[in-house]
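Heads up: the sequence shown runs through residues -19 to -1, 1 to 50, numbered per mature numbering (1 follows the signal peptide of the UniProt record, and there is no 0).
The beta-carbon is built from N, C-alpha and C at its ideal position, and this holds for glycine as well.
Every value quoted in this text rests on a predicted model; they were computed, and no experiment measured them.
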Amino acid sequence: MHVEILLLLCVCCVRRVTTYSDGRVEVSCQSMTPNHTDFKSQISSSPYKVSVNSTTFTPGQTITGEGSF
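Next up, the structure:
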């Protein structure tokens, strides 16, 4: 009896989560802007700089980079 009640409570309280099988969200990838609520975009320049040696890659290829953090 207690197991059934606990199971029912767990099922009712668990929120539904949608995932993306390929790991990407098209809208955010196109605009590079997260769509979280109650957050504003940063208007000042970023204090970080990241540089890489390639703008495209193929699976298995190594990309090197450097940055100042």
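A Cβ-Cβ distance of about 13 Å is found for the pair G48 and N34, leaving them out of contact under the 8 Å criterion. DSSP places V(-17) in the uninterrupted alpha helix (DSSP H) bounded by -18 to -7. Non-local C-beta neighbours of K21 in its own chain, meaning closer than 8 Å and more than five positions away in sequence, are absent. Under DSSP, the beta-bridge partners assigned to K30 are S49. Here the C-alpha atom of Q42 lies approximately 48 Å from the C-alpha atom of L(-11).
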